[in-house]
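What follows is a short report on a single structure.
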Amino acid sequence: MNHFGPTSTRFTRALGVATILGLGWLAVFGLLLSPDDVVQGSYARLLYIHVPSAWLAYLAFGVTGLASGAYLWPRTRSMQWDRIAGASAEVGVLFMALALVTGSLWGKVTWGTYWTWDSRLTTTAFLFVTYIGYLAVRDLGGSHEQRARRSAVLALLAVLEVPLVHFSVSWWRPLHQAETIERGGLKGLMLFSFFVGMIAFTLLYVWLVMHRQRLMMLNDMIDDSGLDRALAERRNEVAP
Amino acid sequence: MLSVWAISRLVAGKDLRVEWRSRVVSNQVVPFAALMMVMFAFALDSDSVLKRVAPGLVWLAAMFSLLVIVQRAFAVETADGALDALRVAGVRGAGIFVGKALALAAQLAVLELILLGAAIVLYDTHLVGSGIALLACTYLTATLGLSFVGTLYGGLAAGAKGRETLLPLLMLPVAAPVLIGATRATEAALGTAGATTSDGWPWIGLLALFAVAFGIGGTLAFGSLIDE
Amino acid sequence: MLSVWAISRLVAGKDLRVEWRSRVVSNQVVPFAALMMVMFAFALDSDSVLKRVAPGLVWLAAMFSLLVIVQRAFAVETADGALDALRVAGVRGAGIFVGKALALAAQLAVLELILLGAAIVLYDTHLVGSGIALLACTYLTATLGLSFVGTLYGGLAAGAKGRETLLPLLMLPVAAPVLIGATRATEAALGTAGATTSDGWPWIGLLALFAVAFGIGGTLAFGSLIDE
Amino acid sequence: MEPAVELVDVVAVLGAFPVLAGATLRVERSEIVLLRGPNGAGKTSLLRLCAGLLPVERGTATVLGVDLVHDRTAVRTRVGLLGHANGLYADLTVADNVRFWGATVGASAEEVNAAMERMGLADRLADVSVGRLSAGQRRRTALACLIARRAELWLLDEPHAGLDAAGRDELDATLRSAAVAGATVIVASHELERAGSLATRVVQVVGGCIREAR
Amino acid sequence: MEPAVELVDVVAVLGAFPVLAGATLRVERSEIVLLRGPNGAGKTSLLRLCAGLLPVERGTATVLGVDLVHDRTAVRTRVGLLGHANGLYADLTVADNVRFWGATVGASAEEVNAAMERMGLADRLADVSVGRLSAGQRRRTALACLIARRAELWLLDEPHAGLDAAGRDELDATLRSAAVAGATVIVASHELERAGSLATRVVQVVGGCIREAR
Ligand code: HEM
Ligand SMILES: Nc1ncnc2c1ncn2[C@@H]1O[C@H](COP(=O)(O)OP(=O)(O)OP(=O)(O)O)[C@@H](O)[C@H]1O
Ligand SMILES: Nc1ncnc2c1ncn2[C@@H]1O[C@H](COP(=O)(O)OP(=O)(O)OP(=O)(O)O)[C@@H](O)[C@H]1O
Ligand SMILES: [Mg+2]
Ligand SMILES: [Mg+2]
Chain A
29 MNHFGPTSTR FTRALGVATI LGLGWLAVFG LLLSPDDVVQ GSYARLLYIH VPSAWLAYLA
89 FGVTGLASGA YLWPRTRSMQ WDRIAGASAE VGVLFMALAL VTGSLWGKVT WGTYWTWDSR
149 LTTTAFLFVT YIGYLAVRDL GGSHEQRARR SAVLALLAVL EVPLVHFSVS WWRPLHQAET
209 IERGGLKGLM LFSFFVGMIA FTLLYVWLVM HRQRLMMLND MIDDSGLDRA LAERRNEVAP
Chain B
308 MLSVWAISRL VAGKDLRVEW RSRVVSNQVV PFAALMMVMF AFALDSDSVL KRVAPGLVWL
368 AAMFSLLVIV QRAFAVETAD GALDALRVAG VRGAGIFVGK ALALAAQLAV LELILLGAAI
428 VLYDTHLVGS GIALLACTYL TATLGLSFVG TLYGGLAAGA KGRETLLPLL MLPVAAPVLI
488 GATRATEAAL GTAGATTSDG WPWIGLLALF AVAFGIGGTL AFGSLIDE
Chain C
308 MLSVWAISRL VAGKDLRVEW RSRVVSNQVV PFAALMMVMF AFALDSDSVL KRVAPGLVWL
368 AAMFSLLVIV QRAFAVETAD GALDALRVAG VRGAGIFVGK ALALAAQLAV LELILLGAAI
428 VLYDTHLVGS GIALLACTYL TATLGLSFVG TLYGGLAAGA KGRETLLPLL MLPVAAPVLI
488 GATRATEAAL GTAGATTSDG WPWIGLLALF AVAFGIGGTL AFGSLIDE
Chain D
7 MEPAVELVDV VAVLGAFPVL AGATLRVERS EIVLLRGPNG AGKTSLLRLC AGLLPVERGT
67 ATVLGVDLVH DRTAVRTRVG LLGHANGLYA DLTVADNVRF WGATVGASAE EVNAAMERMG
127 LADRLADVSV GRLSAGQRRR TALACLIARR AELWLLDEPH AGLDAAGRDE LDATLRSAAV
187 AGATVIVASH ELERAGSLAT RVVQVVGGCI REAR
Chain E
7 MEPAVELVDV VAVLGAFPVL AGATLRVERS EIVLLRGPNG AGKTSLLRLC AGLLPVERGT
67 ATVLGVDLVH DRTAVRTRVG LLGHANGLYA DLTVADNVRF WGATVGASAE EVNAAMERMG
127 LADRLADVSV GRLSAGQRRR TALACLIARR AELWLLDEPH AGLDAAGRDE LDATLRSAAV
187 AGATVIVASH ELERAGSLAT RVVQVVGGCI REAR
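Written out as structure tokens, the structure is:
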């Protein structure tokens, strides 16, 4: 028996199909159609996953920040914002992990090491841990409002780290690629494949966040309906 | 109702008085920090390396000491429900935040002075004349930044289960920019590895920005962080 | 009256159950330790240096994590007077010591495994075949040694004022030999800076000696340490 | 004049557990109300809710004219709560503690002294650290801090526990005179004889709900 | 048979403060003794001394035939102490706690269950973490742990505080039946009516010394 309905709607189903198509499209372009890089050969194809996942992580954390701001702003306060913030942060952590993993693999084949203490890499690691901390705080327990308020404040502070990561390459010990793409370093089919990757990952992001956010809503509803049952039970406690 | 500033003074005074009576920071944290410097020297075990990384070690030691001091500062509040009592007393979050951060900054300032002194002696680093102003600015902005961050996350972790371990998890990644900035600026001030004073000033900007952001953020948000 | 061994099992079981229920070490200390590795790398900021000092950093991080875990392990005992209750219950000091040390060792062992793994990946160190036995022995003896020291001083600091700060002060200098020994042995196992496996075994002797000394010393003395 | 406390069907939760399950209570100014009920009934939770520490999940709650659903913080300067914990700083002396808590509401030195006098802490104990006091002496200190706060609504959670005979009498007299002076007092207690004779009204709390008794 | 407790001119200090200043007391087996006296008189200190937690500075003290001056630890398995603190692990459930404290003296599963049953903790609360209990429910858990320990000498520091009416009656019945079964009970309490009717003898503690009353 399902009181709450599925987490999908017609729209998210369509979105899901589009995401899958986009990822397939990316595989075709990324793996088959785009040319080898002059320097890195076939390894450069990691770019089509690595960069979109990093940028989508930024976007996700940005959305978390915005939604948290919307929650804290009295006029727009709603638990919906809190759930969007939480869902987006979860997906962001996922994408950040993907960027770290693909980056490490890429590093192994180009720099000859999985990890190095370059500024971009290190700040990325900090960002990753910061949002793990954010998720830990969401998990602390307490009422829904309490969770929302605490984590919203935290998210607004944490999002300040995103520019730090982005600009860190120009600050010190740069080994990692500087702004290649913004400066038009990609050409032709490579650029196009990159765009396909961005679109596919964006669709994936939206799709995941919508589902996760609705799942959270259902969880909150279960908590609330659990409350009704618990209330009935509690009222039946008797005086000795 | 008292003004935020009056409350801050009250809370800061109380915290410093607790330290004055119990001497925990002066008798235990300072030796701990000094010890940590020695331990680093042990783990690294090479004079030339040490000299190069001395500024980093000073700030690393300061940050770990901060962790311990923050833990202590909030253990005092939660041991017997005083934080709850402060909330009931209508003491506003902003006042608690500023007060505790100021008391923390005062204690941290003394500690860092000792650490910097120790580094200059132990690791045989030299202070160039022109670097003094830079060093002083670093010291000021980094101390304030660390105190604000420490107080903010200390308050958040104070009520939580397993707070001894939650605090470092939350605090360290956020305080990392301070660590970087302060280290780079100190290197510039001391002329480590050929850095010059002018390399240091941009970092002061970052440190100041950080202190201001967390100072304002904390003042505004602390009340809702410690409230259930 | 129960045997010391039965009591130890009881206490260790209880401590592990507390961890199982609260998940503090797994959810918070492990990320903290991983983070610390990153921070060190940061403060040092040079690949060649890092690679050379990676073994030292692993053990330094293990030691700071130990500090946090010990703090937590005894916070659980003192929060509501359980340590007093244990004493009244006639639970002998030896049993408490062995039990808590075993639980600590179990948690530390998991943590160190993660740290070593992280070091091998992060700092790009390589494990040579012949070094594995050496590394395993280091791991075993160092973990036991650290757990015994941690439990001993944790118990000593547990009742004291400002225990958050007293513990590091007491523990770090005593644990320093473990830090050195484990670092040197690990360097030998990993072949850092041209060290060979045979360089490592004498250090294992030191570590084993340390573990045995503190194991026996703690078992005998713990009762009188925690007694007022 | 509006009532001091007006709760209608209040639900409050801790974790997922409904500590209050639809409590309805109205307390007029100058009343002394005794909350009684079995362990775990929700007395402490009710007091914490009135002090603005526990959020209202459902229902409406007004304390001293402040709507707790919208702003839990506004009421706080005007209530005083003595919980199960004392809220004292163990490293500070008795006098330091009372002075600090008095200062949070701007109490004068005389008021602080009078509060300490009242709980018998003015002479020998004033300069002793709270960490060196016996359980009852700590409770007395906490009460002195409460008295120094001159609240309009006094919320006391088992205030007699730990106090000796003289302290109990002193406490009762203090509460009575506070009520006469216009303050409202709500006391949760298991010592029914003593607290019952103090109270002007007894309220029974069971299973997170309120049943009027007597 | 030797007395359960025999103190002669006992002096004990905390820091530099003489918490006991020459206490002389003799308690026979199967007695239920009430310690009363003002706050800070030394009741808690006396109980802790009998449990072997506080060293004897001067005088002689024998508890259950064990000389405390020479060996404070030998007596400990045979006494049970309920202090101001409960000695519970907040992360463990009620059942875990009672089981653990029972196990320290080798209590069987039935004894543990019986103890929980006795304090009304057997059903709903057994699997709740102690951290989520109300103050009185914690006190009940601590009492269940004490009961599971089957001590020869029961030392209770304000055991009634925090318990509801039913819990108090249950506690009194438990103490009476323990005394009938040969155990000795010493209770420090400020609730003179209740504890007085429970006790077979009342002892007044003042200024760290003992004056027999009644
Ligand atoms: C663990 C290792 C790595 C991590 C954590 C990492 C992280 C990141 C992040 C966070 C970004 C987004 C930058 C921004 O725009 O702000 C990024 C972009 C990028 N990464 Fe990596 N990366 C790693 C390894 C690599 C490697 C080995 C390469 C190739 C040699 C690489 C090439 C790139 C490129 C080309 C971009 C796009 C730069 C731009 O145009 O902005 N990354 N990486
Ligand atoms: N750690 C300490 N250092 C110094 N003096 C202390 C310490 N703990 C308690 N005292 C003093 O010892 C005396 C006796 O304390 P004790 O706790 O035994 O009193 P009590 O009779 O139990 O009082 P109560 O009824 O308040 O519980 C008190 O005057 C107290 O001030
Ligand atoms: N943190 C918590 N999480 C979940 N439930 C809790 C928590 N704290 C208390 N409870 C539950 O809430 C209920 C009410 O607790 P409360 O402390 O208000 O009771 P009380 O009437 O004051 O009891 P007592 O007389 O024992 O002090 C209890 O059943 C308790 O188990
Ligand atoms: Mg209560
Ligand atoms: Mg007492």
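Chains as they are written, first to last, in this note's numbering: chain A, 29 to 268; chain B, 308 to 535; chain C, 308 to 535; chain D, 7 to 220; chain E, 7 to 220.
The C-beta atom is built at its ideal place from N, Cα and C for all residues, glycine as well.
Predicted, not measured: the structure shown is a model, and the values here were computed from it.
Under the Cβ criterion of 9 Å, S329/C is counted among the residues facing chain E. Residues of chain D whose Cβ lies closer than 7 Å to the Cβ of H90/E are, in chain order, A141. Exclusion of the five residues before and after A80/E leaves V72 as the residues of its chain whose Cβ lies within less than 7 Å of its Cβ. In summary, no residue of the segment 38 to 49 of chain A has a CB separated from any CB of chain C by less than 7 Å. Judged by beta-carbon spacing, D163/D lies beyond the 9 Å limit of G86/D, meaning their Cβ atoms are not closer than that value. Judged by DSSP in its simplified three-state form, I227/A adopts helix.
In this structure, the alpha-carbon of A348/B lies about 9 Å from that of A361/B.
In the three-state DSSP reduction, T30/D falls in the strand class (E or B). Chain-order list of chain D residues neighbouring G388/B: G89, H90, A91, N92, G93, L94, by C-beta distance under 9 Å. Look at E199/D here: in three-state DSSP terms it is helix.
If you draw a 10 Å sphere on the C-beta of I439/B, you find fewer than 16 other C-beta atoms in it, and that means exposed. Between the segment 18 to 26 of chain E and the segment 201 to 214 of chain D, the count of C-beta pairs closer than 8 Å stays below three; the two stretches do not touch. Counting every other CB atom within 10 Å of its CB across the protein chains shown gives I250/A a total below 16, marking it as exposed. Distances from the alpha-carbon of S329/C to those of A467/B, G457/B, Y446/B put A467/B closest. Chain-order list of chain D residues neighbouring R146/E: N45, by C-beta distance under 7 Å. As DSSP reads the structure, I38/E sits in a beta bridge with V191/E. With respect to A495/B, W510/B sits close: the two C-beta atoms are nearer than 9 Å. Here the distance from the Cβ of G388/B to the nearest heavy atom of ligand 4 is not below 8 Å.
With the criterion CB distance below 7 Å from any heavy atom of ligand 5, the matching residues run S140/D, A141/D, G142/D, K49/E, T50/E, H90/E, D163/E, E164/E, A194/E along the chain. By the Cβ criterion, the segment 218 to 225 of chain A is in contact with the segment 72 to 79 of chain A, since at least three pairs of Cβ atoms, one from each stretch, lie closer than 8 Å. In this structure, L259/A has its CB at a distance of at least 8 Å from all heavy atoms of ligand 3.
Bridge pairing for R217/D: Q210/D [DSSP].
For E189/A, the enclosing alpha helix (DSSP H) begins and ends at 189 to 195. When only Cα atoms are considered, V211/D and R42/D end up about 6 Å apart. For L342/C, the chain A residues whose C-beta falls within less than 7 Å of its own C-beta are V157, listed in chain order.
Under the 8 Å Cβ criterion, the segment 382 to 400 of chain C counts as touching the segment 89 to 104 of chain E, having at least three qualifying pairs. Rounded to the nearest whole angstrom, the CA to CA distance from I38/E to V136/E is 30 Å.
When C-beta atoms of the segment 95 to 102 of chain A are compared with those of the segment 130 to 139 of chain A, fewer than three pairs fall below 8 Å, so the two segments do not count as touching.
Chain A places no beta carbon closer than 9 Å to that of P362/B, leaving this residue out of the contacts. Just measuring C-alpha positions, the residue of V79/A, M245/A, V165/A sitting nearest Q108/A is M245/A.
Comparing C-alpha distances from M122/D to each of R64/D, E176/D, R84/D, R138/D shows the shortest one belongs to E176/D.
Here the alpha carbons of A340/B and A341/C stand approximately 21 Å from one another.
C-alpha of L122/A to C-alpha of L61/A: approximately 28 Å in a straight line. Taking a C-beta distance under 9 Å as the contact criterion, V345/B and R379/B do not qualify as a contact pair. Note that the segment 456 to 465 of chain C touches the segment 476 to 492 of chain C; at least 3 beta-carbon pairs, one per stretch, sit closer than 8 Å. Inclusion of V485/C and M370/C in the CB contact set at 9 Å is warranted, their separation being smaller than that value.
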